[in-house]
Amino acid sequence: MNWELAALASWQVEPLPALGLVGAAAIYLRGWGSLRRQVPARFPVWRSLSFLGGLLAVAVSLFSPLDAFAPVLLMSHMVQHLLLTMVAPPLIWLGAPQLPMLTGLPRKFVSGGLGPFLSCRPLVNFVHRATNPAVAWFLFVASNVIWHVPEFYDLALRSRAWHEFEHACFLATALLFWWHVVQPWPSRPAWPRWAMIPYLLLADLQNTALAAFLSFQDRVIYSTYADAPRVFGISALDDQAGAGAIMWVPGSVAFLLPAGFIAMSLLSPRRGVRPSAAGVPAAPPAARPQPVARKVSGGFDLLDLPLVGRLARGGWFRKWLQVLLLAVAAVVVVDGFFGPPVSAMNAAGVLPWTHWRAFAVVGLLVFGNVFCMVCPFTFVRDLGRKLLPARAVWPRWLRAKWFAVGIFVAYLWAYEAFDLWDRPMATAWLVCAYFLAAFLVDGFFRRASFCQYVCPIGQFHFVQSLVSPFEVRVRESSVCAGCRTHDCLRGGPRGRGCELHLFQPAKSGNMDCTFCLDCVAACPHDNVGLLAVPPGRDVINDPVKSTVGTFARRPDISLLVLVLAFGAFANAAGMVAPVLGWMDRLVAGLGLRGDALPLAAFALLVLVALPAAGGLAAAKIGGGADWKTHFGRFGPAFAPLGFGMWLAHFFFHFFTAALTPVPVAGRILADLGWTSAEPAWGLSSIPIYGLPAVEIVFLNAGFLACLYLLWRVAGRLAPARPWRAFLPWGVLALALYAAGIWIIFQPMEMRGTLH
Amino acid sequence: MARLAIRCAFAAMVAFAALPLEARADGGAVIARETSEGFDLTVFAAPAPLRAGPADVSVLVQEGGKPVLDARVSVRWTAAGGGQEWQPPCCSMKTDERAVEAVLGHSQNKILYSAMLVVPSSGAGKLDVRVERGGREATLTAGLDARPAPSPAAAYWPWLAVTPAAIAAFALNQTLKRRKSRT
Numbered sequence: 004m005n006w007e008l009a010a011l012a013s014w015q016v017e018p019l020p021a022l023g024l025v026g027a028a029a030i031y032l033r034g035w036g037s038l039r040r041q042v043p044a045r046f047p048v049w050r051s052l053s054f055l056g057g058l059l060a061v062a063v064s065l066f067s068p069l070d071a072f073a074p075v076l077l078m079s080h081m082v083q084h085l086l087l088t089m090v091a092p093p094l095i096w097l098g099a100p101q102l103p104m105l106t107g108l109p110r111k112f113v114s115g116g117l118g119p120f121l122s123c124r125p126l127v128n129f130v131h132r133a134t135n136p137a138v139a140w141f142l143f144v145a146s147n148v149i150w151h152v153p154e155f156y157d158l159a160l161r162s163r164a165w166h167e168f169e170h171a172c173f174l175a176t177a178l179l180f181w182w183h184v185v186q187p188w189p190s191r192p193a194w195p196r197w198a199m200i201p202y203l204l205l206a207d208l209q210n211t212a213l214a215a216f217l218s219f220q221d222r223v224i225y226s227t228y229a230d231a232p233r234v235f236g237i238s239a240l241d242d243q244a245g246a247g248a249i250m251w252v253p254g255s256v257a258f259l260l261p262a263g264f265i266a267m268s269l270l271s272p273r274r275g276v277r278p279s280a281a282g283v284p285a286a287p288p289a290a291r292p293q294p295v296a297r298k299v300s301g302g303f304d305l306l307d308l309p310l311v312g313r314l315a316r317g318g319w320f321r322k323w324l325q326v327l328l329l330a331v332a333a334v335v336v337v338d339g340f341f342g343p344p345v346s347a348m349n350a351a352g353v354l355p356w357t358h359w360r361a362f363a364v365v366g367l368l369v370f371g372n373v374f375c376m377v378c379p380f381t382f383v384r385d386l387g388r389k390l391l392p393a394r395a396v397w398p399r400w401l402r403a404k405w406f407a408v409g410i411f412v413a414y415l416w417a418y419e420a421f422d423l424w425d426r427p428m429a430t431a432w433l434v435c436a437y438f439l440a441a442f443l444v445d446g447f448f449r450r451a452s453f454c455q456y457v458c459p460i461g462q463f464h465f466v467q468s469l470v471s472p473f474e475v476r477v478r479e480s481s482v483c484a485g486c487r488t489h490d491c492l493r494g495g496p497r498g499r500g501c502e503l504h505l506f507q508p509a510k511s512g513n514m515d516c517t518f519c520l521d522c523v524a525a526c527p528h529d530n531v532g533l534l535a536v537p538p539g540r541d542v543i544n545d546p547v548k549s550t551v552g553t554f555a556r557r558p559d560i561s562l563l564v565l566v567l568a569f570g571a572f573a574n575a576a577g578m579v580a581p582v583l584g585w586m587d588r589l590v591a592g593l594g595l596r597g598d599a600l601p602l603a604a605f606a607l608l609v610l611v612a613l614p615a616a617g618g619l620a621a622a623k624i625g626g627g628a629d630w631k632t633h634f635g636r637f638g639p640a641f642a643p644l645g646f647g648m649w650l651a652h653f654f655f656h657f658f659t660a661a662l663t664p665v666p667v668a669g670r671i672l673a674d675l676g677w678t679s680a681e682p683a684w685g686l687s688s689i690p691i692y693g694l695p696a697v698e699i700v701f702l703n704a705g706f707l708a709c710l711y712l713l714w715r716v717a718g719r720l721a722p723a724r725p726w727r728a729f730l731p732w733g734v735l736a737l738a739l740y741a742a743g744i745w746i747i748f749q750p751m752e753m754r755g756t757l758h
Numbered sequence: 043m044a045r046l047a048i049r050c051a052f053a054a055m056v057a058f059a060a061l062p063l064e065a066r067a068d069g070g071a072v073i074a075r076e077t078s079e080g081f082d083l084t085v086f087a088a089p090a091p092l093r094a095g096p097a098d099v100s101v102l103v104q105e106g107g108k109p110v111l112d113a114r115v116s117v118r119w120t121a122a123g124g125g126q127e128w129q130p131p132c133c134s135m136k137t138d139e140r141a142v143e144a145v146l147g148h149s150q151n152k153i154l155y156s157a158m159l160v161v162p163s164s165g166a167g168k169l170d171v172r173v174e175r176g177g178r179e180a181t182l183t184a185g186l187d188a189r190p191a192p193s194p195a196a197a198y199w200p201w202l203a204v205t206p207a208a209i210a211a212f213a214l215n216q217t218l219k220r221r222k223s224r225t
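Protein chains in written order, with the working numbering: chain A, 4 to 758; chain B, 43 to 225.
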């Protein structure tokens with residue numbers, strides 16, 4: 004490729020600004036489409052094109068070669084700024100975006116989230132004053148002048164953060180400035196229309212003065228450009244003069260054109276018709292926009308999607324995925340026993356601890372309990388039922404989640420004490436033990452006792468799917484009211500019923516649901532779907548959830564959630580240098596041969612004592628005599644906080660060892676004699692230095708979601724004084740969040756890689 | 043269908059936002075220039091001045107004023123020692139001193155050869171740039187001073203500020219709601 008083409012190919016999309024632009028476009032189009040159906044004359048197609056054109060101008064200025072060459076070519080930088088100040092803002096306002104944006108946002112968010120701000124008198128007064136035409140003009144001009152002072156301009160060129168701030172200043176002040184020129188419907192003009200002519204001309208005067216200053220200087224004003232290499236064969240002084248000319252001519256056109264347009268519209272014979280946006284004649288009086296009628300239904304159903312629905316309903320598809328995972332498990336076991344003992348070179352060291360965990364949490368985040376849905380242990384459970392009696396009933400005293408809490412704590416302890424992540428053979432033994440346990444438990448006990456009461460992976464997924472966006476539930480409750488067969492529970496001619504004894508009409512939330520979709524297949528009325536639900540709704544409302552009951556009466560579930568939340572932080576803390584150093588010193592100080600014992604004490608303290616004591620103390624302080632209910636209700640609100648930390652932790656492992664299966668697969672093929680190529684052991688990950696930021700985002704999201712749920716639960720339990728109930732739990736969440744941030748900032752042991 | 047579309051758009055946006063924020067060289071500021079073996083070499087870095095920790099380093103190779111796009115370029119940082127060692131946050135990568143290949147396409151500006159270089163400690167050090175093309179080899183060595191790395195809180199403050207900002211906005215929202223319901 005020649006260098007001119009390479010220069011033109013210098014595009015790069017930044018995720019965050021792109022997300023903002025795509026989000027704005029999506030919200031606008033949704034609202035515009037809805038409003039256009041009601042008042043087509045007010046929202047013609049050109050308005051939407053104008054708005055999208057404005058966003059496109061911002062995108063071009065930020066992602067195109069204009070940005071890439073801004074540090075070496077002042078002309079490029081100038082065009083970039085003109086797009087942000089002269090092109091994008093008027094186009095955006097010509098799209099009359101206020102109503103479309105409000106209509107496009109979820110109604111609840113507009114009324115409950117934005118509503119109080121939009122109707123707050125002091126805030127409205129402040130905005131009114133701040134957006135006065137005189138203030139807007141001054142801010143626009145001041146921003147333009149100040150940022151062209153050499154010290155500030157060079158600062159922006161040296162620092163990316165300042166450069167982004169400069170662009171934000173330009174765009175924000177330009178939006179304010181052009182608002183009064185365009186007067187997007189339904190805003191009312193603050194000044195008479197004719198006043199916009201001097202408003203524009205005075206701004207042009209300042210622009211012309213600045214442009215002339217740049218054009219006629221006999222020295223390079225900005226030191227960055229004086230030092231920059233000359234890429235296009237243009238001297239720094241010519242570049243500066245060219246930038247001045249760009250600012251002068253197209254810049255002036257941008258001011259003079261609307262000034263002339265306004266003057267003509269004021270002088271035209273149709274003056275009686277009040278011009279609207281930028282002099283465009285007002286549309287004929289239209290009916291006041293009515294609230295959009297929304298379809299009331301059971302919500303979006305994933306099973307309604309043509310391909311996804313068919314795949315999810317088809318039992319063969321799930322079976323196929325289970326076979327696939329079973330094959331992966333077999334590879335893990337065989338390679339664990341017979342492969343090299345180095346975890347980064349062994350499928351048992353790489354696949355379960357690096358990739359499977361990351362995929363499972365992503366599944367939980369975007370869908371639901373996807374792991375249980377395709378669980379490979381299903382086959383041995385079915386085999387156990389066929390070969391063994393499977394008639395015993397799981398003991399009543401083991402049915403609560405206390406047993407699951409114990410197993411999960413033991414699992415986390417074993418993970419660190421036996422370095423499971425670093426010992427492929429131990430991992431292989433663990434997988435075998437898992438298969439054996441599934442075979443024996445479901446071979447002797449009825450129903451899915453292994454899934455419901457024993458499996459720690461299942462418990463993890465049950466809890467984390469409390470914040471998943473999808474749920475297996477009935478579509479129309481009225482259909483179930485007339486049902487007498489209850490096939491979803493008992494089974495019927497179309498398939499077996501729920502193994503975990505969840506009765507669909509009474510089921511709510513994902514607790515104890517394996518997403519097996521047996522109920523979907525069994526229902527003769529086709530009334531069970533995979534419905535989108537607001538994550539965490541059941542934590543707030545706490546309805547009776549079939550056999551799960553209510554959280555208020557299930558302190559065992561509350562403790563399980565708290566243990567999993569604390570476990571997320573403890574598991575990550577066990578890998579950071581200060582904690583590892585402290586553990587080594589403790590082992591040496593006690594004269595022990597290994598760290599199993601101190602780790603057991605650590606696990607009991609951090610995974611059992613702290614969550615139990617913290618939760619009970621918070622419940623006692625906030626709930627007083629009603630502490631049992633408070634413990635049961637507030638505990639599940641910690642699910643998103645724990646989930647945020649699990650996400651951060653697993654993503655770290657995934658991204659730092661994302662490519663390790665490639666050399667491991669190469670090694671296995673070489674061991675089998677199918678290839679003689681040397682595995683690419685140097686291949687482990689793509690260096691991603693922004694990962695701490697991603698981790699903080701996950702943790703922030705989990706913490707904020709946790710606080711929100713705590714607040715809503717407090718509002719339900721103590722409507723008169725929610726603060727008192729909320730604060731102790733909020734402090735507990737804050738302590739965990741602070742610990743999480745501390746962990747993220749520590750040097751972390753690299754696992755699953757050879758480095 | 044409209045709801046489905048908006049959900050799909052939302053999911054796409056979330057997926058897009060979750061894209062790994064791979065660090066990349068954006069040019070930054072000029073930290074060294076030299077002519078060697080007929081090549082004009084310009085080295086950009088961000089942050090500039092250099093700090094301990096990861097740094098975007100980009101090299102513009104020109105011959106006769108025109109950018110050269112078929113060279114092999116590598117960069118290496120060698121610390122003179124004595125400075126404060128950089129403590130990486132948990133997700134940073136290796137900190138060993140070795141030459142890193144700078145490649146086209148890594149930065150937004152496709153005529154720059156760029157690489158992510160880890161400066162393992164603050165203090166004096168030297169940056170070596172090596173350019174090979176058509177049997178010729180040009181080098182640039184610049185003695186530079188690396189400043190201490192910013193504290194993690196300073197480096198990631200925009201991400202940390204999101205939480206208190208969101209809490210403040212929510213608290214204000216709830217206060218306004220409550221006030222409105224009283225009136």
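Where is the CB? At the ideal position from N, CA and C, for every residue including glycine. Only a predicted model underlies this, so the values are computations on that prediction, with no experimental measurement involved.
Start and end of the alpha helix (DSSP H) containing residue i?
i	result
residue 129 of chain A	124–133
residue 729 of chain A	725–747
residue 497 of chain A	No alpha helix (DSSP H) holds residue 497 of chain A; DSSP gives it neither H nor E.
residue 540 of chain A	540–544
Candidates the options: which alpha carbon is nearest residue i's?
i	options	result
residue 215 of chain B	A:78, A:122 and A:234	A:122
residue 582 of chain A	A:489, A:499, A:751 and A:340	A:751
By the three-class DSSP mapping on this structure, what secondary structure does residue i have?
i	result
residue 300 of chain A	Bear in mind that the predicted position of residue 300 of chain A carries a pLDDT of just 43, short of 50, making it unreliable; the figure below should be weighed with that in mind. Coil at residue 300 of chain A, not helix or strand.
residue 109 of chain B	strand
residue 165 of chain B	strand
residue 118 of chain B	strand
residue 295 of chain A	In this predicted model, residue 295 of chain A has a pLDDT of only 40, less than 50, meaning its place in the structure is not dependable enough to derive any value.
residue 678 of chain A	coil
residue 450 of chain A	coil
residue 377 of chain A	coil
residue 286 of chain A	With a pLDDT of only 47 at residue 286 of chain A, under the threshold of 50, the placement of this residue in the model should not be trusted, and no figure is reported.
residue 221 of chain B	helix
Looking at residue j and residue i, is the spacing between their C-beta atoms short of 8 Å?
i	j	result
residue 611 of chain A	residue 538 of chain A	no
residue 335 of chain A	residue 431 of chain A	yes
residue 478 of chain A	residue 513 of chain A	no
residue 247 of chain A	residue 217 of chain A	yes
residue 502 of chain A	residue 450 of chain A	yes
residue 825 of chain A	residue 641 of chain A	Nothing can be reported for residue 825 of chain A: it is not among the residues displayed for chain A, which extend from 4 to 758.
Taking the beta strand (DSSP E) that residue i falls in, what are its first and last residues?
i	result
residue 81 of chain B	81–88
residue 79 of chain A	Here residue 79 of chain A belongs to no beta strand (DSSP E); instead the alpha helix (DSSP H) covers 77–85.
residue 187 of chain B	178–188
residue 477 of chain A	473–477
residue 532 of chain A	531–535
Members of the stretch 208–232 of chain A that neighbour chain B once the beta carbon cut-off is set at 9 Å
The stretch 208–232 of chain A vs chain B, Cβ under 9 Å: 227, 230, 231 and 232.
Interfacial residues, the stretch 727–757 of chain A to chain E, with Cβ spacing under 8 Å:
In the structure shown, chain E does not exist; the protein chains are A and B.
The stretch 199–217 of chain B: positions lying closer than 9 Å to chain A by Cβ
Against chain A - using a Cβ distance shorter than 9 Å - the residues of the stretch 199–217 of chain B are 200, 201, 202, 204, 205, 208, 209, 211, 212, 214, 215, 216 and 217.
The stretch 120–141 of chain A: which residues have C-beta closer than 8 Å to a C-beta of chain B, in chain order?
Within the stretch 120–141 of chain A, contact with chain B at the beta-carbon level (separation under 8 Å) is assigned to 120, 122 and 123.
Can you pull out the residues from the stretch 231–262 of chain A whose beta carbon lies closer than 8 Å to at least one beta carbon of chain B?
Residues 231, 232, 233, 234 and 236.
When you check each C-beta in the stretch 149–167 of chain B against every C-beta of chain A, which residues fall closer than 7 Å?
Of all residues in the stretch 149–167 of chain B, the ones placed with a Cβ closer than 7 Å to any Cβ belonging to chain A are 150, 151, 152, 153 and 158, in chain order.
Under 8 Å (Cβ pairs) to chain B, residues found in the stretch 151–170 of chain A:
If the cut-off is 8 Å between Cβ atoms, the stretch 151–170 of chain A has 160, 161, 162 and 163 near chain B.
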